[in-house]
Structure formats: structure tokens, C-alpha cells
Amino acid sequence: MQPDFIFYGISGGPTALHQLPQPNTNLFWLIGSGKGNVILLSTKLKQNLGIIYDGSCKKEENEINPINEIVSTFIKSNINEFIYDVWIHQRSYGLINIELTIIGSVETFFSYKCIEKKHINVKCLGFLKVLPFKNNVFVIDHLDNLAILNTVEKLNFEENLINLNRDKYGIPLVMKKINENYLIIGTDGGYLLFINIIIKKITHIMKQEKVSPIFGISIYNNKIIVGTRSQKFWIGNFDDILNNTSDEMLYITTPSEVPSKLTTLLIEPKDGKFFIVTCTDGRFFFCKESKNNKQTVKPLKEISYSKSTISSISWESSHDNISTFNLMVGLREESKLCYWKFS
């Protein structure tokens, strides 16, 4: 099976995928690369419009400085212009704020202009990277702790650090936003840490019966799916966790055919009925919880297109066809972004 089309020449491979918010009828995306650049492209027009941020030179010699995260908000539009406020996090350079204007009066040609407005020197060298929240708040992996910063206020890490207690819970490997108050962290010690960013505390802790590092977490509304290196998945509900005094991950589901070397987990965004897991050898699998046996995850489809490392993956939001699922898959060694359509 082949992708519907491919964007080539993304140096260092796509490391961060962000679809611009509505209005976005031409399906514009910002793609961060392993070399520190951010590219503007349109999947509807199948066009690469160019680099809006060049961070390839903002590094020390022999230093790898990829784009960790991209987030944007729509500001305003007129007949020919769409203006977005964009925040970019580059691994060892920090947060960069850009005003992006996309200009075009026809559906076949667009241009853009960028104004770099702000740089905040907050590096992110761990596995967790960055999460954006409302009211200009970001949560960043900072020296084995979580730093909560507001981009319109003076930096004060001493008052806004959350100690993740690596010696007790293990190295944090993955972090996901649940809602505007909570996030969840999975560790190599097999723990799930639920953190309230308002009170800046770990409020709930869950552990496995048999310890296995957590490789992936995905959220759909209050539904949480957690994947572990032991080829097991835990499916839970956030409201139940908040109201439950149990601290064990008891509802473990085991797939029968999915390989063990898994790297990412992603729930489909329309109704959360299935999810994708990616493998170290470039394959990815569609899976769902079995209706007949709640203790089993059933593989639905295997995609084996490339042996390249999958460096990023994201669903595309589109209102054109509710029965089609569009998926963006970044391949590191091949420096390309594949666009898939599934129905």
C-alpha cells in the first residue's frame, strides 16, 4: 500500500506536525524538522510553500536542535489574508513567537510573511518536550522537573517547578494534555503521573502489576489509552481515575499480533473507536479493543510502507468527508512526509 502523496526534502525528517486552526479550508500545516526549520504546506493543494522559520543556524557545532512542538491560534482575516499567532519550541534554543500571515486570493497560489516577535530562552532536553495550555501557559521538561511558564510574565522557575521524583517513579518518557487543568506522564518505571498544573502537584499515581516502560499515551475526551513496552495496553477513563482510590492499572489488554517494538500511540479523533501504534521498523498498525474479549486488543490493519523511523504522526481534521481518515506520517531517514487516506 502506498501513500496518497508525499512531501519530500524535509531535512532531518518531520519532528513536529501542526495543522493550523480554522478557518483553514486549504488545510495548511506547519511542519517542524529535525534540522530546526518550520515549513508551511497545504495538503489540499499538495504544495510546499516554503520555510517560515529557519532555526538550522541556531545551534552549537555538532549539536542536534530539532523542532519539538508547534502551536498556533487564529487572530483575524480579511478577503486575502489569514493571520496566525504561532509559538515554536526548538530543543536547545527555546520558545519562538511568530506572527504568520498567509496571503492569497485564489486556490492555486498563496504566499506568506512572518514577523518574529519574541524569544524565550527555555531549553527542553528531556523526552517530554512541551505542552501548550490556554492563557499563554506552556509546560516544559526542565532539568528533570516540569516548568510551568507564562509567556507574558517574567520567568520564575523556582516558584513554578513540579518535582517528578525520577528516583522513585523512573525517567519520564511521554507527556500528554488531558484538559486545561491536567496532564499525564508515563515513565520508564511503569508509572502514570496525573498532574494538576493549577496547583502544581502530582494528584494521582497509577502503577502496573508488572513493571514495563510506558512508550505512548493518547487521549480522546476522557478516554485514555496507554501502551507499554511489554506489548500491553491499558484503557481507562479520566473521570473514573479522579474518583477512584485504586492506584493499580488493573485493566490491561494484550494484543495478539502487534510486534513488541512500539514507539507511538494515537487515537483516531472522530469518535475514538480505534487507535494506531507505530513500530521501530517503520510499520504502523490500526488496532481496537475487542468486543468479544475486553482483555484483548485486536489488530485491524498493518501498513508496511517504509523501513525508515517514524519521527512524527498526526491525524488531519477535515470536514469534507466524515468517512475518510487522513493521516500524516513523518519518516526521519528518508526526510519525507507521507499523506495517507483511509476509509
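Residue numbers (UniProt numbering): 1 to 343. Cβ atoms here follow ideal geometry from the backbone N, Cα and C, with glycine treated the same way.
Closer than 6 angstroms by C-beta to residue i: which residues in its own chain qualify, once you throw out the five before and the five after it? Chain order, please.
| i | result |
| --- | --- |
| residue 73 | 85 |
| residue 200 | 162 |
Under 7 angstroms Cβ to Cβ from residue i, same chain only, skipping five residues before and after it: list those, please.
| i | result |
| --- | --- |
| residue 243 | none |
| residue 268 | 274, 275, 315, 325 |
| residue 21 | 72, 73, 74 |
| residue 36 | 55, 56, 58, 59, 65, 66, 67, 90 |
| residue 332 | 13, 34, 308, 309, 311 |
By the three-class DSSP mapping on this structure, what secondary structure does residue i have?
| i | result |
| --- | --- |
| residue 20 | coil |
| residue 138 | strand |
| residue 334 | coil |
| residue 242 | helix |
| residue 118 | strand |
| residue 54 | strand |
| residue 176 | strand |
| residue 157 | helix |
| residue 298 | strand |
| residue 168 | helix |
| residue 237 | strand |
| residue 150 | strand |
| residue 126 | coil |
| residue 198 | coil |
| residue 329 | strand |
| residue 36 | coil |
| residue 209 | coil |
| residue 216 | strand |
| residue 339 | strand |
| residue 304 | coil |
| residue 324 | coil |
Can residue i and residue j be called in contact, C-beta distance under 8 angstroms?
| i | j | result |
| --- | --- | --- |
| residue 219 | residue 176 | yes |
| residue 95 | residue 122 | yes |
| residue 195 | residue 162 | yes |
| residue 312 | residue 15 | yes |
| residue 173 | residue 127 | yes |
| residue 103 | residue 78 | no |
| residue 52 | residue 98 | yes |
| residue 197 | residue 181 | yes |
| residue 129 | residue 141 | yes |
| residue 17 | residue 328 | yes |
| residue 10 | residue 212 | no |
| residue 152 | residue 233 | no |
| residue 361 | residue 92 | Residue 361 lies beyond the residue range present for the chain, which begins at 1 and ends at 343; the question has no answer from this structure. |
Just list the residues that DSSP pairs residue i with in beta bridges.
| i | result |
| --- | --- |
| residue 272 | BP columns for residue 272 are empty, so no partner. |
| residue 112 | 102 |
| residue 90 | 67, 94 |
| residue 2 | Residue 2 is not bridged to any residue. |
| residue 145 | 142, 163 |
| residue 190 | Bridge partners of residue 190: none, in fact. |
| residue 132 | 138 |
Beta-carbon within less than 8 angstroms of residue i's beta-carbon, same chain only, minus the 5 sequence neighbours each way: which residues are those?
| i | result |
| --- | --- |
| residue 167 | none |
| residue 47 | 41, 110 |
Does any residue of chain D have a CB that is nearer than 8 angstroms to the CB of residue i?
| i | result |
| --- | --- |
| residue 167 | You won't find chain D in this structure, because it holds only one protein chain. |
Touch test, the region 99 to 116 against the region 27 to 44, Cβ-Cβ under 8 angstroms, three pairs minimum: yes
The region 132 to 139 contacting the region 224 to 240, beta-carbon criterion three pairs below 8 angstroms: no
Contact the region 300 to 312 vs the region 1 to 14: 3+ CB pairs below 8 angstroms: yes
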